[in-house]
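S.K.: Chains as they are written, first to last, in the working numbering: chain B, 52 to 332; chain D, 12 to 241.
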């Protein structure tokens, strides 16, 4: 292990430019992938905020007594698709109308507005079919006169989400593939640059395992350093853009995962390159 | 110790490099492998240290069947062989000492013994004072001496030398040849490929002559010699 470590460290020292280039290549590949991830994360965050506005409102009959309404509200709140269910009295409805709509500013009699139950749908259940199903269940209560939830809004939001998710997956795979190809090519160059050394190692009786180990360690270190640098660049970009647009940054497990991903790519890239090289010679 | 029996080696693009080659190298023997460029000398050496595999025939090196050994066994076999090339194949970014020590380190030799052995070998090849020099600071003859020291570090039973004097002037050639003779005198067999016929003529060692992938003369074999005499 000591020898492996020494060889790995020495190979960094012997070809500092090539090592730095490898780290930079990995860093920039992961950075572009990370930048895409950051955009996707922020888009998802914003989109989630819009989706939270999906709300079902069930207008109840004037003759419904308070106890019946309260029981229904707590029953609806226990639906698996429902995040929250709140009763809205006639007075609260008037207050909201006066706040949101100018023409109600001078109205003080709440008797003509119906009481209602406002239902917020849980994340993951905000597709048109599920929202429709929940609305139908609520409409089945005898005291419910009418149920509204903005079917067109829900439908359009769902379409946007589908297109964004599909595009995100395709772009994400493309970014990841480009990053992996660039990283693999970079590692391959470092292996080829040391082809003579490898052939000498083998001639003096080094086993393939012995030849491979320093490369794997070097690949892992290059990947981790590249991942770390990518994270730093990403944070700098975030700090810069964040001055103008409020953004969220990657959470800690995600950031650590990014560095680990860099290390894994470095390790696998090295393993593959050395394996291919040793198989050929 | 080394035995070739009806060995043929063909390459997909260039065709047959060796055709039905048979010979033996005995323990402690010194043999020249001669012949023009492309006659198959280097192919024979590559087959011995398993850089290549035969297309047909049988090769045995130190009792191991060349066609059957795989992976780690190849590495273990190479540790029993000393290999020297015309272009020295030293690691340019390591000192002479480190180049020799490296061949010991890959075998997992105890660290405390490496320094002593390297020092002894440097003395043996006459370069005790050049241990800390880098290959570029050494002459061609000195570099080849370091390469020979590296080849001897694991006490091989045979030293395989592929044109070891090909890049050297007369004086360095004589020095290297003297060194190979000394190594042979201590019991290590030497198989040396060369096209320097002058060198071959000056010494009384066995000669295996190759031409177009076949042995056309073997000084230990009475039949071809008789044919030549006729």
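Backbone N, C-alpha and C fix where the C-beta goes; we use that ideal spot for every residue, glycine too.
Leaving out five residues before and five after residue 140 (chain B) in sequence, what residues of the same chain have Cβ atoms less than 7 Å from its Cβ?
M.R.: Cβ neighbours of residue 140 (chain B) beyond the five flanking positions: 166.
S.K.: Looking at residue 109 (chain B): is its Cβ nearer than 8 Å to the Cβ of residue 168 (chain B)?
M.R.: Yes. Within cutoff.
S.K.: Under 8 Å between beta-carbons, which chain B residues line up against residue 114 (chain D)? List them in chain order, please.
M.R.: Here the neighbours are 255, 256.
S.K.: Are the Cβ atoms of residue 274 (chain B) and residue 313 (chain B) separated by less than 8 Å?
M.R.: Cβ atoms of residue 274 (chain B) and residue 313 (chain B): closer than 8 Å.
S.K.: Within this structure, are the beta carbons of residue 257 (chain D) and residue 67 (chain D) separated by less than 8 Å?
M.R.: No answer is possible for residue 257 (chain D): it lies beyond the span of chain D, which begins at 12 and ends at 241.
S.K.: Chain B beta carbons: is any one of them nearer than 8 Å to that of residue 117 (chain D)?
M.R.: Answer yes: the Cβ-Cβ gap between residue 117 (chain D) and chain B drops below 8 Å somewhere.
S.K.: Please classify residue 93 (chain D): does DSSP put it in a helix, a strand, or coil?
M.R.: DSSP places residue 93 (chain D) in strand when its eight states are reduced to three.
S.K.: I'd like to know if the stretch 218-226 of chain D and the stretch 47-61 of chain D are in contact, where contact means that at least 3 CB-CB pairs between them fall below 8 Å.
M.R.: Contact holds: three or more Cβ-Cβ distances are below 8 Å.
S.K.: Beta-carbon of residue 82 (chain D) versus every beta-carbon of chain B: anything under 8 Å?
M.R.: Yes, residue 82 (chain D) lies at the interface with chain B (some Cβ there is under 8 Å from its Cβ).
S.K.: The beta strand (DSSP E) that contains residue 30 (chain D), what's its start and end?
M.R.: Residue 30 (chain D) -> beta strand (DSSP E) spans 26-36.
S.K.: Say whether the stretch 119-137 of chain D touches the stretch 151-164 of chain D, bearing in mind that this needs 3 or more beta-carbon pairs closer than 8 Å, one atom from each stretch.
M.R.: Enough Cβ pairs lie closer than 8 Å, so yes.
S.K.: Are the C-beta atoms of residue 236 (chain D) and some chain B residue less than 8 Å apart?
M.R.: With a pLDDT of only 41 at residue 236 (chain D), under the threshold of 50, the placement of this residue in the model should not be trusted; the figure read from the coordinates follows. Not closer than 8 Å to any Cβ of chain B, the Cβ of residue 236 (chain D) fails to qualify, so no.
S.K.: Output the distance between the C-alpha atoms of residue 149 (chain D) and residue 131 (chain D), rounded to the nearest integer angstrom.
M.R.: Roughly 19 Å separates the two Cα atoms.
S.K.: Nearest-angstrom Cα distance between residue 185 (chain B) and residue 230 (chain B)?
M.R.: Their backbone Cα atoms lie some 44 Å apart in a straight line.
S.K.: Leaving out five residues before and five after residue 310 (chain B) in sequence, what residues of the same chain have Cβ atoms less than 7 Å from its Cβ?
M.R.: Closer than 7 Å at Cβ, skipping near neighbours: 275, 278, 279, 282.
S.K.: Step through the CB atoms of chain B and report whether any lies within less than 8 Å of the CB of residue 123 (chain D).
M.R.: No, residue 123 (chain D) lies away from the interface with chain B (no Cβ there is under 8 Å from its Cβ).
S.K.: Can you give the Cα-Cα distance for residue 79 (chain B) and residue 301 (chain B), rounded to whole angstroms?
M.R.: Rounded to whole angstroms, residue 79 (chain B) to residue 301 (chain B) spans 17 Å at the Cα level.
S.K.: Quick check on residue 226 (chain D) - is its C-beta less than 8 Å from some C-beta in chain B?
M.R.: Answer no: the Cβ-Cβ gap between residue 226 (chain D) and chain B never drops below 8 Å.
S.K.: Give the single residue among B:191, B:148, B:232, B:263 whose Cα lies nearest to the Cα of residue 111 (chain B).
M.R.: That would be B:191, whose Cα lies nearest to the Cα of residue 111 (chain B).
S.K.: If you drop the 5 nearest sequence neighbours on each side, which residues of the same chain put their C-beta closer than 6 Å to that of residue 137 (chain B)?
M.R.: Excluding positions up to five away in sequence, the list reads 169.
S.K.: When DSSP labels each residue in this structure, what does residue 185 (chain B) get in the three-state scheme?
M.R.: Helix, per DSSP.
S.K.: Label residue 82 (chain B) either buried or exposed according to how many other C-beta atoms from any shown protein chain fall within 10 Å of its C-beta, with 16 as the threshold for buried.
M.R.: By the neighbour-count rule (16 or more Cβ atoms within 10 Å), residue 82 (chain B) is buried.
S.K.: Would residue 157 (chain D) pass as an interface residue toward chain B - the criterion being a Cβ-Cβ separation below 8 Å?
M.R.: Not an interface residue.
S.K.: So, is residue 264 (chain B) buried or exposed, given that buried needs 16 or more other C-beta atoms within 10 angstroms?
M.R.: Label assigned to residue 264 (chain B): buried.
S.K.: Check each candidate in B:327, B:307, B:252 and name the one with the smallest Cα separation from residue 115 (chain D).
M.R.: Closest option to residue 115 (chain D), Cα to Cα, is B:252.
S.K.: Would you mind stating whether residue 94 (chain D) and residue 112 (chain D) have Cβ atoms separated by less than 8 Å?
M.R.: The answer is no: Cβ separation not under 8 Å.
S.K.: Buried or exposed: residue 198 (chain D), going by 16 or more other Cβ atoms within 10 Å of its Cβ?
M.R.: Exposed is the call here.
S.K.: Which residue comes first and which comes last in the beta strand (DSSP E) that contains residue 138 (chain B)?
M.R.: That run of the beta strand (DSSP E) goes 133-139.
S.K.: Determine the DSSP secondary structure at residue 238 (chain D), reduced to helix, strand or coil.
M.R.: Because the pLDDT at residue 238 (chain D) is just 44, under 50, the model does not fix this residue reliably, and the point stays unresolved.
S.K.: What does a CB cutoff of less than 6 Å around residue 53 (chain B) pick up in its chain, not counting 5 residues either side in sequence?
M.R.: Correct list: empty, nothing qualifies.
S.K.: Going by the CB atoms, is the gap between residue 54 (chain D) and residue 28 (chain D) shorter than 8 Å?
M.R.: Yes, the Cβ-Cβ distance between residue 28 (chain D) and residue 54 (chain D) is below 8 Å.
S.K.: Could you pull out every residue in the same chain whose Cβ sits closer than 7 Å to the Cβ of residue 211 (chain D), ignoring the five residues on either side in sequence?
M.R.: Cβ within range, chain order: 43, 45, 205, 218.
S.K.: Which chain B residues are close to residue 94 (chain D), counting only those with a beta carbon under 9 Å from its beta carbon?
M.R.: Under the 9 Å cutoff, chain B gives 254, 255.
S.K.: What number of angstroms, rounded off, separates the C-alpha of residue 306 (chain B) from the C-alpha of residue 93 (chain B)?
M.R.: If I take the Cα positions, the gap works out to 15 Å.
S.K.: Indicate whether at least one CB of chain B lies closer than 8 Å to the CB of residue 166 (chain D).
M.R.: Answer no: the Cβ-Cβ gap between residue 166 (chain D) and chain B never drops below 8 Å.
S.K.: Just mark residue 241 (chain D) as buried or exposed, buried being the case when its beta carbon has 16 or more other beta carbons within 10 Å.
M.R.: Below a pLDDT of 50, predicted positions are generally treated as unreliable, and residue 241 (chain D), at 41, falls in that range; the measurement from the model is reported next regardless. Classification for residue 241 (chain D): exposed.
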